[in-house]
Every structure is written in structure tokens, then in C-alpha cells.
Amino acid sequence: MDVQMWTYTIVGATFLLYIAIAIWAKAGSTKEFYVAGAGVPPLMNGMATAADWMSAASFISMAGLISFMGYDGSVYLMGWTGGYVLLALLLAPYLRKFGKFTVPDFVGDRYYSNVARTVAVICAIFVSFTYVAGQMRGVGVVFSRFLEVDINTGIIIGMCIVFFYAVLGGMKGITYTQVAQYCVLIFAYMVPAIFLSIMIAGNPIPQLGMGATGADGVYLLDKLDGLHAELGFAAYTSGSKPMIDVFAITLALMVGTAGLPHVIVRFFTVPKVRDARISAGWALIFIALLYTTAPAIATFARLNLIDTVSNQSYAEMPEWFKKWEKTGLLAWMDKNDDGKIQYLGKAANGGDAFEGGKPAFTKQTGEYGQQLMSNKPTDNANELFIDNDIMVLANPEIGNLPNWVIALVAAGGLAAALSTAAGLLLVISTSVAHDLIKKQFNPNISEKSELLYARIAVAVAIVIAGYFGINPPGFVAQVVAFAFGLAAASFFPVIILGIFSKRMNKEGAISGMLAGLIFTAAYIVYFKFVSPDMNKPEFWWFGISPEGIGTVGMLLNIAVSMIVSRITPEPPQEIQELVDSLRYPKGAGEAVDH
Amino acid sequence: MEKGKLQEYWKINLGYLIGLLIAWFVVSYGFGILLVEPLNAIKLGGFKLGFWFAQQGSIYIFVVLIFVYVSLMNSLDKKFDVHED
């Protein structure tokens with residue numbers, strides 16, 4: 001079978017599986033719709049959390065990003081895993097004991113205030129939409145590269161699938177689909193990684209292969225550092241970002257992870273408090289499997305890439321090079337007319353190969369058959385453009401793996417994107433149907449019509465997300481910093497203080513949230529949108545980039561909350577008792593609707 | 001449940017949290033970021049130690065920390081009779 005047939009078969013089979021699960025797990029009540037009836041076994045919840053968490057970006061882009069960033073890429077590895085320690089120790093068990101449906105529920109009840117609830121709802125919706133647009137785009141990209149359908153058609157197919165199982169099954173449908181999606185995505189990620197590790201390092205475990213020696217007896221990482229020095233790139237194993245920024249970004253990502261509503265809500269779905277603790281542990285094991293493999297893939301792919309292209313003649317490039325050239329993820333501009341590919345970093349007179357960021361092909365081919373571009377060449381000697389995403393997507397071809405592996409990677413990318421999109425859409429619909437309609441506008445609404453509103457809200461959210469996927473706002477990449485920054489500066493402190501400080505009152509919480517949010521948003525908007533040309537280390541405060549500023553926002557939030565709460569009246573007695581009752585597991589019933 | 005006992009339970013829990021969070025901080029921010037340069041002078045097979053902590057080691061230890069907390073709390077819950085069912 002050729003790649004195309006394999007891809008249709010495997011992707012089709014996984015889609016049928018997701019639909020079958022959706023029909024089996026149809027939600028009958030709001031409790032099933034919002035929190036899967038709080039009956040998900042912890043191991044499965046861990047898997048579902050892992051799939052929920054690992055998005056198209058984790059699956060497709062992360063290894064490539066690390067491959068180009070070397071040590072600096074560690075911010076993503078530590079930042080996107082360390083947050084689970086905070087979740088397991090500081091949030092999940094207490095929120096499960098609280099036993100309601102959503103994060104705004106907690107904020108609204110703990111701070112006895114509808115203002116606080118509303119701020120939380122707006123943050124939850126904003127953070128989730130930011131994220132979901134990127135997922136829909138990811139679905140479209142995978143479809144267009146592997147099935148050669150138009151990106152927009154791909155997005156519409158993806159929308160239909162998510163529509164089916166999210167609208168029908170709610171959290172229950174989503175959870176069990178995510179369990180299946182985790183299995184698909186991790187299998188699809190590991191198979192090529194293991195093949196590559198055997199090929200390059202002679203060790204079937206990629207995590208060990210990364211630290212092993214190649215065929216020539218030199219440690220792979222040492223060899224890579226040597227090649228980098230030779231070609232003028234910063235050393236692979238030591239970074240070029242300032243230490244304070246690495247520190248701030250890592251902390252903002254960790255705290256942001258622990259504050260993301262679609263992650264937190266997963267811990268409302270388990271039956272008991274102790275299940276909430278351990279399911280964070282399972283989730284991190286399942287996530288760590290991919291996150292410790294990614295840096296290995298990054299190392300192998302980087303070596304392989306340099307080996308294959310550096311100073312080699314274009315005519316001898318393997319087939320995958322030309323195939324991916326067509327997608328615009330690779331481009332070669334023969335600036336010195338020698339027919340060979342020069343791939344050089346800044347220290348060896350390298351840099352961007354041409355102006356304009358992305359290659360603009362003229363559809364004509366040059367002397368050696370390469371795609372010509374209308375971009376203006378830069379005056380440095382580097383001739384190669386490579387997109388981060390190619391590292392994972394092209395891996396099976398680079399490694400000469402069988403066709404079914406290539407198809408598997410397509411199915412894995414789709415599973416990663418769809419599972420995350422579904423989790424986010426559910427947060428949006430819950431925020432609208434439960435936190436806004438039921439809690440703010442119409443408290444007497446019947447369960448049946450609340451469920452109907454929730455389903456309508458999912459449907460509307462899918463359509464909006466699809467629209468953003470088809471017409472991506474130019475700022476999708478920029479707003480990811482936003483999502484984490486805002487989660488770090490708003491939700492995380494407000495929840496932690498609500499559990500660990502009995503004295504924290506609504507005045508403190510609201511002013512803290514607003515201070516954190518406004519500061520973080522202003523800093524990001526200023527450097528990303530108002531004056532992007534000032535987005536350089538010399539203008540940043542304390543050398544902290546917009547990606548890491550959520551850390552400062554969080555500290556500001558905590559400081560303001562503490563001060564304001566000390567000079568305003570303490571919270572009512574029943575709230576202090578509520579906080580006491582959060583602190584021990586006994587008596588955690590099933591999640592209840594007020 | 002009795003107030004004094006609950007306070008004691010909470011105090012022990014906070015003690016566990018502080019200990020585990022110190023470990024969490026040391027392996028990631030300490031070994032992986034602040035001390036990465038000096039640790040890189042030590043080699044662990046083909047890995048420089050600081051680099052290994054940043055890209056592998058800290059993640060393994062995160063997993064261990066969560067399971068340690070789970071088992072500490074499960075026995076603490078039983079000891080203070082605040083466990084479920």
C-alpha cells in the first residue's frame with residue numbers, strides 16, 4: 001500500500017473509533033456533561049489529562065523547537081511538566097474536595113462574589129479560545145500535508161468529528177475519546193523515535209540513545225556541539241538566552257499550566273480526593289513519556305539534518321528533502337551558485353537565508369531543480385530555510401521508515417489536536433451554560449434546558465474555533481504567551497490563596513486578579529503589538545521577555561491580594577469553615593450541583 | 001472533626017508540601033537553570049549533568065515527587081481518620 005492509502009485507512013479507523021466511543025458514552029445529565037459524572041477511574045483520567053494537555057504544538061512542533069534551540073528549549077520541557085507537581089500538591093485534591101463543576105464556580109463561591117466569578121469566566125473563555133484556534137489550525141495542517149486535501153476542508157472534517165463527540169457526549173464522551181487518542185498519539189510518537197534511536201545510537205530507548213555514542217564512537221551530544229561550533233550555531237548543550245529569562249519563562253509556563261481551566265477541570269471528574277492526587281501522577285507519567293522522548297528526537301533530528309544537508313550538493317538530496325520543499329517547510333536559495341547547500345549560523349556569517357520569514361515560491365525551478373523564491377536574499381552566507389515542524393513530521397521519511405509509520409504520525413498529530421480542542425471547547429461551553437446562564441442570568445433553569453444550552457454552546461464554540469482555524473488571526477503564535485501569562489497571573493494565585501490563606505477575602509482576590517491581569521496583559525500587548533521592534537532584551541524589564549512576564553504578574557497578584565486583604569474585613573465565618581473543610585478529604589461527596 | 005487534630009493534620013501536610021516543593025525547585029530551577037554551568041562540568045555518560053537535569057532528570061524527579069506525596073498523604077489520611085470511605 002502507498003502512503004496515501006495507509007493514511008486514509010489509519011486516520012479513518014481512528015475516527016470511527018472516536019465516533020463509536022461517543023455513541024457509547026452519551027451524556028444524560030449536566031453532571032455527566034460537565035464532569036463525566038465524577039466517575040472516571042484515576043488511571044484513565046491521567047491518560048485523558050495527558051491527551052487533553054498535549055496539543056498539536058507538543059506533538060508536531062516541540063521537538064523541532066528544541067532541535068533548533070538546544071538547551072534553551074528546556075524551558076518547554078520543564079515548564080510544561082513541572083506544573084503537574086503544583087497541581088498534585090497544591091490544587092487538585094482541594095478543588096476535588098470542593099466538588100463543584102468549574103474553576104469560576106470555585107472562585108465565585110470561595111470569594112462570595114459574582115464580580116470575582118465574572119472575571120474568572122472571562123479569563124477562562126479568553127484563554128480557551130486562544131488555545132483552540134491553534135488546535136483547529138493544527139488539524140488543518142496535518143490534513144493538508146498528509147492527505148493532500150485543502151487546509152480548509154481538513155478543518156471542516158475536524159470540526160465535524162469534534163462536533164459529534166463533544167456535543168453528544170460532553171465530558172464523558174470527551175474523556176473516553178481522549179483515552180483512545182492518548183494511545184494513538186503516544187504510539188505514533190514513540191515508533192519513529194525508537195527506530196531513529198536504533199539507527200543513530202544503536203539503543204532502542206530514545207531517552208538513553210540521546211546520551212549514547214554514534215557509529216564513530218563519539219557521544220552524540222559532543223558531536224552536535226562540535227558541528228554547531230564549526231557551522232557557527234550557539235552550542236547545543238548550553239543556551240544563549242539570559243538566565244533570568246529562562247527562569248521566568250519556565251516558572252510562567254509551570255504556573256500557567258497549573259492554572260489552565262481545561263487542565264484543572266479534569267480533576268473534578270474523578271470519584272475521590274485521593275484519586276485526584278494520584279491521577280495527577282498518572283497524567284505526568286503519560287506526559288513525561290512524550291516529553292522525555294522529545295529532546296531525544298530533537299538531538300537525533302538535528303544531527304541527521306546537519307549530516308544530510310551541510311555542504312552537500314542539492315542534486316544528491318534524498319527524496320524527502322524535495323517533497324518537503326514543496327510544502328514550503330524547507331527552502332534552499334543557492335546564493336553563491338555552487339549547487340551545494342550552505343547551512344550556517346550567526347557566528348559563521350549565517351542567519352536568515354532570505355527576507356520575509358516564509359519562502360514565497362515563484363513556481364519556477366532553478367538549475368538544479370530547486371524551487372525558486374521571490375524573497376529578497378539576505379547578505380549572509382546561509383542558504384537554507386527550515387521550519388521547526390518538519391523535525392517530527394518528516395522523521396519517518398528521514399529514517400526511511402515503512403509507509404504505515406508515516407500514516408501513523410498523521411493519525412497521532414490529529415489525535416493530539418482533536419483531544420486538546422475538545423477539552424477546551426468543553427470549558428467554553430461550561431463557562432457559558434453553567435457559569436453565565438445558570439449562575440448569573442437564570443438560576444431557576446431546569447437541568448434539561450441547561451444541558452441543551454451547554455450543547456448549543458459547544459456547537460457555537462466549534463464553529464467560531466473553526467472560523468479562526470480557517471482565517472487564522474496573524475497573532476496566534478503570539479497569543480500563546482498570553483494564555484499562559486494570564487493563567488499564571490490570574491487563576492493560579494487566586495486558587496492557591498483561596499485554599500492556603502483563610503484570611504483571603506473577596507476584596508483581596510479581586511484586586512489581586514485585576515492587578516496581575518492588567519499588568520501582564522499590558523506588558524505583552526506593548527511588546528507584541530504596540531511596539532514589536534522594541535521586543536528585545538535591552539528594553540525588557542529586568543531582562544524578562546513577554547513569554548516570562550506571567551511570573552512577575554503572579555508575584556504582583558499575590559502581593560496585592562495579601563496587602564488588600566489585610567486592610568479590609570475578614571471573610572464571613574461560613575467561608576472560613578468552607579476553607580477548613582477543603583483541607584481534609586473526608587466527606588468529599590460526588591460533584592454536586594448546588 | 002476535632003479542631004486541634006485538624007490543625008495538626010494540616011501542619012504535617014504543609015511540612016510535606018514544603019519539603020517536596022524544595023526538591024521540585026532544586027532539581028529544575030537549581031540544577032537545570034541556576035547551577036547548570038558548574039554541573040555541566042560533570043559528565044553522566046554522554047550527557048553534561050546540568051543539561052541532563054534540564055531536559056530529562058527534572059521530569060523524572062517530578063513524577064517521583066507526586067507519587068511520594070500521594071503515598072505520604074494516603075497514610076496521613078488514615079492516621080488522622082480523614083480518609084474517604
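Protein sequence lines correspond, in order, to chains A and B. Position 210 of the first sequence, counting from 1, maps to 210 under my numbering, and the rest follow consecutively. Position 4 of the second sequence, counting from 1, maps to 4 under my numbering, and the rest follow consecutively. Just so it is clear, CB atoms sit at the ideal spot from N, CA and C, and this is done for glycine as well.
Margin query: With the cut-off set at 8 Å, would you say alanine 465 of chain A and alanine 133 of chain A are in Cβ contact?
Written below: Mapped onto the first sequence, residue 465 of chain A falls at position 465. Mapped onto the first sequence, residue 133 of chain A falls at position 133. It is a contact, given that the beta carbons lie within the stated cut-off.
inquiry  = Run through chain B and tell me which residues come within less than 8 Å of aspartate 580 of chain A, C-beta to C-beta.
reply    = To locate residue 580 of chain A, count along the first sequence from 1; it is residue 580. Within 8 Å of the CB of aspartate 580 of chain A, the CB atoms of chain B belong to Leu6, in sequence order along the chain.
Candidates A/Thr7, A/Thr551 and A/Leu330, of which the one nearest glutamate 148 of chain A by Cα:
Taking the first sequence and counting its residues from 1, the one referred to as residue 148 of chain A is at position 148. Answer by Cα proximity: A/Thr7.
Would you call the region 51-65 of chain B in contact with the region 285-294 of chain A, where contact means no fewer than 3 C-beta pairs closer than 8 Å? Cβ pair count under 8 Å is three or more, so yes.
### Sheet register partners of phenylalanine 354 of chain A (DSSP bridge)
Numbered from its first residue, the first sequence carries residue 354 of chain A at position 354. Phenylalanine 354 of chain A is bridged to A/Pro377.
Verify the CB distance criterion: does methionine 69 of chain A have a CB-CB separation below 8 Å to chain B? Residue 69 of chain A sits at position 69 when you count from the first residue of the first sequence. False, the Cβ-Cβ gap to chain B never drops below 8 Å.
Item to complete: Could you please tell me which residues of the region 221-246 of chain A, in chain order, have their CB closer than 8 Å to any CB of chain B?
Response: Taking 8 Å as the Cβ-Cβ cut-off against chain B, the residues of the region 221-246 of chain A that qualify are Leu221, Asp222, Thr237, Ser238, Met243 and Val246.
Legend entry - Delimiting residues of the beta strand (DSSP E) encompassing phenylalanine 441 of chain A: Against the first sequence, residue 441 of chain A aligns to sequence position 441. First-last for phenylalanine 441 of chain A: undefined, no H or E at that position.
| First through last residue of the alpha helix (DSSP H) which encompasses leucine 384 of chain A | Here residue 384 of chain A refers to the residue found at position 384 when the first sequence is read from its first residue. DSSP places leucine 384 of chain A outside any alpha helix (DSSP H); the residue lies instead in the beta strand (DSSP E), whose first and last residues are 384-386.
Cutoff 8 Å; reference aspartate 533 of chain A; Cβ partners in own chain excluding five residues on either side: Locating residue 533 of chain A in the first sequence gives position 533, where the first residue counts as 1. Result list for aspartate 533 of chain A: empty, nothing under 8 Å.
Nearest by alpha-carbon distance to isoleucine 194 of chain A: which of A/Asn400, A/Gly351 and A/Cys123 is it? In the first sequence, residue 194 of chain A corresponds to position 194, counting from 1. Nearest option by C-alpha distance: A/Asn400.
Counting only C-beta atoms, is isoleucine 22 of chain B closer than 8 Å to chain A at any point?
Your numbering for residue 22 of chain B matches position 22 in the second sequence. No - not a single Cβ of chain A is within 8 Å of the one on isoleucine 22 of chain B.
ask   = Span of the beta strand (DSSP E) holding phenylalanine 361 of chain A?
value = In the first sequence, counting from the first residue as 1, residue 361 of chain A sits at position 361. Note, phenylalanine 361 of chain A: beta strand (DSSP E), 361-365.
For histidine 594 of chain A, which residues from the same chain have a beta carbon less than 8 Å from its beta carbon, with the 5 sequence-adjacent residues on both sides left out? Counted from its first residue, the first sequence places residue 594 of chain A at position 594. Unreliable positioning characterises histidine 594 of chain A in this predicted model, as indicated by a pLDDT of 44, which lies under 50. The coordinate reading is nonetheless provided below. Contacts found: Lys100.
- Are the beta-carbon atoms of tyrosine 94 of chain A and isoleucine 499 of chain A separated by less than 8 Å? Position 94 of the first sequence, counting from 1, holds the residue named residue 94 of chain A. Position 499 of the first sequence, counting from 1, holds the residue named residue 499 of chain A. Result yes, Cβ atoms of tyrosine 94 of chain A and isoleucine 499 of chain A sit closer than 8 Å.
message = Check this for me: beta carbons of valine 75 of chain A and valine 265 of chain A, under 8 Å apart or not?
response = As a working mapping, residue 75 of chain A is identified with position 75 in the first sequence. As a working mapping, residue 265 of chain A is identified with position 265 in the first sequence. One thing to note: valine 75 of chain A has its Cβ no nearer than 8 Å to the Cβ of valine 265 of chain A.
Which of helix, strand or coil DSSP assigns to tryptophan 540 of chain A: For this step, residue 540 of chain A is matched to residue 540 along the first sequence. DSSP, reduced to helix, strand and coil, places tryptophan 540 of chain A outside both helices and strands of the structure shown, so it counts as coil.
| query | Nearest to leucine 77 of chain A by CA position, among A/Leu86, A/Ser313, A/Thr175 and A/Ala63, is which residue? | reply | In the first sequence, counting from the first residue as 1, residue 77 of chain A sits at position 77. Considering only alpha carbons, the answer is A/Ala63.
Quiz item: Which residue spans inside the region 68-92 of chain A form an unbroken alpha helix (DSSP H) run of at least 4?
Solution: 74-86, all fully within the region 68-92 of chain A.
Minimum Cβ-Cβ distance from serine 28 of chain B to chain A less than 8 Å: One-based indexing of the second sequence puts residue 28 of chain B at position 28. Judged by the 8 Å Cβ criterion, serine 28 of chain B is in contact with chain A.
Give the DSSP bridge partners of lysine 340 of chain A, in chain order. Within the first sequence, numbered from 1, the residue matching residue 340 of chain A stands at position 340. DSSP, once it has assigned bridges, lists A/Ser313 as partnering lysine 340 of chain A.
Rounded to whole angstroms, what is the Cα-Cα separation between leucine 39 of chain B and asparagine 505 of chain A?
Within the second sequence, the letter at position 39 stands for residue 39 of chain B. Within the first sequence, the letter at position 505 stands for residue 505 of chain A. Between the C-alpha atoms of leucine 39 of chain B and asparagine 505 of chain A there is a straight-line separation of about 44 Å.
Within 8 Å of chain A by C-beta, residues of the region 46-77 of chain B in sequence order: For the region 46-77 of chain B, residues whose beta-carbon sits nearer than 8 Å to a beta-carbon of chain A comprise Gly46, Phe47, Lys48, Phe51, Trp52, Ala54, Gln55, Gln56, Ser58, Ile59, Tyr60, Phe62, Val63, Leu65, Ile66, Phe67, Tyr69, Val70, Met73, Asn74 and Asp77.
My output table needs one value for leucine 486 of chain A: the three-state DSSP class, helix, strand or coil. If you number the first sequence from 1, residue 486 of chain A lands on position 486. Assigned with DSSP and collapsed to three states, leucine 486 of chain A falls in helix.
Taking Cβ-Cβ distances shorter than 7 Å, what residues in chain A pair up with glycine 32 of chain B? On the second sequence, position 32 is the one that residue 32 of chain B refers to. Chain-ordered, the chain A residues with CB closer than 7 Å to the CB of glycine 32 of chain B read Ser74 and Met78.
* **CA-to-CA distance, glycine 357 of chain A to threonine 175 of chain A, given in whole angstroms** => For the purposes of this step, residue 175 of chain A is taken as residue 175 along the first sequence, with counting starting at 1. For the purposes of this step, residue 357 of chain A is taken as residue 357 along the first sequence, with counting starting at 1. Their Cα atoms are separated by approximately 39 Å.
Assigned exposure category for glutamine 440 of chain A - 16 Cβ within 10 Å defines buried:
For the purposes of this step, residue 440 of chain A is taken as residue 440 along the first sequence, with counting starting at 1. Exposed, since its Cβ has fewer than 16 Cβ neighbours within 10 Å.
What is the rounded straight-line gap between the Cα of aspartate 2 of chain A and the Cα of glycine 211 of chain A?
Position 2 of the first sequence, counting from 1, holds the residue named residue 2 of chain A. Position 211 of the first sequence, counting from 1, holds the residue named residue 211 of chain A. Spanning the two alpha carbons is a distance of roughly 35 Å.
*Taking the alpha helix (DSSP H) that alanine 27 of chain A falls in, what are its first and last residues?*
The residue given as residue 27 of chain A occupies position 27 in the first sequence. Alanine 27 of chain A -> no alpha helix (DSSP H), and no H or E assigned at all.
Residue nearest to valine 121 of chain A in terms of C-alpha spacing, selected from A/Tyr368, A/Ala360 and A/Pro261:
Your numbering for residue 121 of chain A matches position 121 in the first sequence. Cα-wise, what sits closest to valine 121 of chain A is A/Pro261.
Whose C-beta lies closer than 6 Å to the C-beta of valine 432 of chain A among residues of the same chain, with five residues either side of it excluded?
Looking up residue 432 of chain A in the first sequence gives position 432. The beta carbon of valine 432 of chain A sits closer than 6 Å to those of Ala457, all from its chain and outside the five residues before and after it, given in chain order.
Q.
For a cutoff of 8 Å on Cβ pairs, would you count glutamate 2 of chain B as touching chain A?
A. The residue given as residue 2 of chain B occupies position 2 in the second sequence. Not an interface residue.
* Please decide whether leucine 35 of chain B counts as near chain A, where near means a Cβ-Cβ distance under 8 Å. => In the second sequence, the residue the question calls residue 35 of chain B occupies position 35. Output row for leucine 35 of chain B: interface = no.
CB-CB under 7 Å to leucine 65 of chain B, same chain, minus the five flanking residues each way: which ones, in chain order?
As a first step, residue 65 of chain B is located in the second sequence; it is residue number 65 there, counting from the start. Closer than 7 Å at the Cβ level, and outside the excluded window around leucine 65 of chain B, lie Leu20, Ala23 and Trp24.
- Query: Would DSSP call alanine 331 of chain A helix, strand or coil?
  - Reply: Within the first sequence, numbered from 1, the residue matching residue 331 of chain A stands at position 331. Residue state, collapsed to three classes: strand.
- So arginine 583 of chain A packs on tyrosine 69 of chain B, CB below 8 Å; how close in whole Å? What you label residue 583 of chain A is simply residue 583 of the first sequence in a count that begins at 1. What you label residue 69 of chain B is simply residue 69 of the second sequence in a count that begins at 1. Contact flag wrong, Cβ pair sits at about 15 Å.
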